[in-house]
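Letter by letter, the sequence shown follows residues -23 to -1, 1 to 736 of mature numbering (1 follows the signal peptide of the UniProt record, and there is no 0).
Notes to accompany the following structure.
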Amino acid sequence: MRARAWSAVLAHLRLTACSAGPAARLLGFATVRDSPSGARFGHLRGGAQTLMSLGDQARDSAMIVFVCHHGSGRVTTSERGEAIAVGDGFVMDAHSDWRIDFDEDFAATVVVLGDAGFARRVLNTRRSDFHCISRSAALGAIATELVRSAGERLEALESGDLGQLEAALTGMMLPALAHETEDVTESTSTSVQLAHLRRVCQLIDSHLTEADLDLARIAHEARLSPRYVQRLFAGAGTTFGAHVRKRRLYRCRNDLRDPALSHFAIGELCFRWGFGDAANFTRAFVREFGCTPSACRALAQAPEPVRLRGRPDSAGVPSLSAHPGATTLRREIDAQYRDDVGAAHHYLHATSETVHWGYFNRFLEPVARVRSGDRITIEALTQHATDDVERMVRDDPGAESVFRWDAGGKAVERRGAGPLDASIFGRGAGEGFGVHVCTGPVYVEEAEPGDVLEVRIVDIRQRPSRNPEYAGRSFGSNAATWWGYHYHDLLTEPRPREVVTIYELHATGYDNFARAVYSFRWTPQTDPSGVRHDTIDYPGVPVDHATIHKCHGVLDGVRIPLRPHFGVLAVAPRQEVDVDSIPPGCFGGNLDNWRAAPGASLFLPVGVPGALFSVGDPHASQGDSELCGTAIECSLTGDFDLIVHKASALDDHFLAELDHPFLETPDEWVIQGLSHPNHLVELGPAAQTEVYKRASLDLAMRDAFRKTRRFLMTAHGLSEDEAISLLSVGVDFGVTQVVNGNLGVHAIVRKSMLREREG
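Below is the structure:
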């Protein structure tokens, strides 16, 4: 999410933020959930920035628990500072002034515990605005691990689970912090009293279920005098009896809200927590929470009205009146960015000097520079050309320069984002952690972080064979591979297997199609460097046709309509590492959406100066899902107009908040959902591994729904209810791909539905 939405989420968590520098963007990704009693749980992932308390702007009593999962920084008050490392946890008063400075990407869980008046007073008895949770003590380590686990699984937790987590954390925080006081060298009476009070609170929590709990017993176990214990609570603004009663009431309320305990009578629960009289318990409960115990239970367990399929008699009908300010995105863009008669036309050949293979990196040297509005023709080669070198590489100077590989080495050594020394699997430099031959990057002069780059796809042409035997004809390859959806669900032997099908492309101008030429099962191939490849595990391995058996007559009588497009259209990710080209992300990349075709525009949020635009993974045709692992992979050449939309000119426009790829065709808007929309930030330092493990179509569908809802509300002025209705009755959701690690689901919004509304 971009600045406005990110700030709103932080405010909900009693935080605010500012960017790390004038060139930095304030952005992040967040999952936020509230417990039934109002505790707020947030899992945050963002770039370098400063998080701050709301201070006096905080409207209520709250205690903030903060645990860092990734990144490093420093938490600071006017009197004290402390370095933050992975795994560190802090407890802070929402009303105090403090800040957390992150100088790199970070991930953290934030828990805002309301009803924390007593806890705040206890914390404030020490001269500090934040308190460290000691990981050297068992309880502190358990507390930080509980917060971390809750944050990573936040979306899967039920409302009742959050209530139980709130109760557990509230009970654990003060005892967990006791070790902090014991470790300090400061010998003031205040710090000693704080340690005593925290230990007393821990003892009380361990005896709450006992009806005979009293001051004398706790004082005896704490080895303190009863009079001294009374003074400790008086210093915190309460009494021993009031504290015990409140702790018991909150435990009872959590039990009343827990569906797993619904078979217990209310009286049983009150006796469980040490209340000796049900009537007195009810009166105390009403004074504390403003409702009876039975009403609290009924409210928590009442069925949600939205789950009823029948329409209640009292239900109204939402207004569907036109939004007068709405207009089509294309009309706005065309009005502002008409083709400049002076715009230049550039040409970028695909050679070993102009491609990067299998990875993106913000520090790659640009191979071309253009201005906003310029047109550039870019050649793109398929990494599968070596499945049939004779048809797709031979006598083609550009292709031969890229795919050259002999005993002396490769023309393009690195193929993927893995180690250059192939120290993991020994496949080759880059290890094939990323496979696409990408032409670029292209530096766009006016593009800066926070802007949006529009990639207008003007035309796409086939790359004909240069081999005299196949001169003028074009070919492509489809590989049914080990990463395909089908691979472990085959019916016939041998199982498993990889099969490559070579297609010829026929473009007559009015009837464009592909027809299969032959297929073969992959057999172990030994590359020119002597490495054996039992599966298709490294890109560009030349297939020795003497080792395969070709099957002709496959798909006889079948013609596949051509859908030429580029699977990879990307700006550089802002991370300072080599990024695997396979999983798509907020920067675009391997989207594999066949609608990115001539006449369409892809809008990408710019993350680095110059945008650094690259093109790759050319396809002749692909179906939604790309089920077997690949499309008809063939080399293509495209014409693109690159247009920069400056952030300063996008106020109140849908593009101002764009933090994901957005595709527009002449007739449709296509919103791309991904399992992890910003996986490089969301999943931490191991993101490029974890994304393959954690992705699911359910997550991708959820992301597509949220993005499309936001688009309809912000770009077209629909209310949330209107947007949800339209999503169900008029928007088509489809599976983009199931094979790229970060799975994709797209939503198609037909422009014709909104034409009358927009005039």
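Idealized CB from N, CA, C, for every residue including glycine.
Beta-bridge pairing by DSSP links leucine 532 to no other residue. In the DSSP annotation of this structure, the continuous segment of the beta strand (DSSP E) that includes phenylalanine 490 starts and ends at 489 to 498. Bridge partners of threonine 27 according to DSSP: Cys(-6) and Asp78. Assigned with DSSP and collapsed to three states, arginine 438 falls in strand. Contact between the stretch 323 to 330 and the stretch 349 to 366 is present: three or more C-beta pairs spanning the two stretches fall below 8 angstroms. Collapsing the DSSP output to three states places tyrosine 420 in a strand. Under the 8 angstroms Cβ criterion, the stretch 598 to 607 does not count as touching the stretch 387 to 403, having fewer than three qualifying pairs. C-alpha of alanine 484 to C-alpha of phenylalanine 490: approximately 7 angstroms in a straight line. The beta carbon of glycine 48 sits closer than 7 angstroms to the beta carbons of Phe79, Glu81, Asp82, Phe83 and Ala84 from its chain, once the five residues preceding and following it are set aside; these are given in chain order. The beta carbons of arginine 433 and serine 451 sit about 24 angstroms from each other, so the pair does not count as a contact at 8 angstroms. Here the C-alpha atom of alanine -19 lies approximately 13 angstroms from the C-alpha atom of arginine 22. For the set Ala574, Ala237 and Thr691, the Cα lying nearest the Cα of aspartate 628 is the one of Thr691. Methionine 29 sits close to arginine 76, with the two beta carbons spaced by under 7 angstroms.
Under the three-state reduction of DSSP, aspartate 628 is assigned to coil, being neither helix nor strand. C-alpha of tyrosine 480 to C-alpha of glycine 137: approximately 56 angstroms in a straight line. Serine 558 carries a coil assignment under DSSP once its states are collapsed to helix, strand and coil.
Within its own chain, the residues whose Cβ lies closer than 7 angstroms to the Cβ of arginine 125, once the five positions on either side in sequence are excluded, are Val44, His46 and Thr86, listed in chain order.
Each residue's CA atom was taken as its position, placing valine 332 and glycine 615 some 15 angstroms apart. Take the alpha-carbon of aspartate 618 and the one of alanine 577: they are about 11 angstroms apart. For the pair of segments examined, the stretch 491 to 507 was found not to touch the stretch 541 to 548: the number of CB pairs separated by less than 8 angstroms stays below three. Nearest C-alpha to arginine 572 among Arg260, His197, Gln714 and Val414: Gln714. Residue pairing by DSSP places arginine 352 opposite His322 and Asp618 in a beta bridge. Going by beta carbons, leucine 226 and leucine 174 fall outside the 7 angstroms limit.
By the C-beta criterion, the stretch 382 to 399 is judged not to be in contact with the stretch 447 to 467, since fewer than 3 inter-stretch pairs fall below 8 angstroms.
Residue pairing from DSSP leaves cysteine 229 without any beta-bridge partner. Of all alpha-carbon atoms in Glu59, Arg57 and Leu142, the one lying nearest the alpha-carbon of arginine 10 is that of Leu142. Between aspartate 372 and asparagine 444, the CB-CB gap stays under 7 angstroms.
Taking aspartate 514 as the centre and dropping the five residues before and after it, the same chain places the C-beta of Arg404 and Gly409 closer than 7 angstroms to its C-beta, in chain order. Under the DSSP definition of a beta bridge, tryptophan 382 partners with Lys387. Distance between glutamate 470 and threonine 458, taken at the CA atoms: about 15 angstroms. Closest in alpha carbon position to cysteine 528, among Pro501, Val476 and Pro575, is Val476. Exposed is the label assigned to lysine 670, since fewer than 16 other Cβ atoms lie within 10 Å of its Cβ.
Here threonine 363 is buried. Its C-beta has 16 or more other C-beta atoms within 10 Å. With three or more CB-CB distances shorter than 8 angstroms, the stretch 412 to 419 counts as touching the stretch 332 to 346. Apart from the 5 residues on each side of it in sequence, leucine 90 sits with its Cβ closer than 8 angstroms to the Cβ of Ala16, Ala39, Met40, Ile41, Val42, Ala96, Glu143, Leu146, Thr147 and Met150 in its chain, given in chain order. With respect to alanine 677, glycine 707 sits apart: the two C-beta atoms are not nearer than 7 angstroms.
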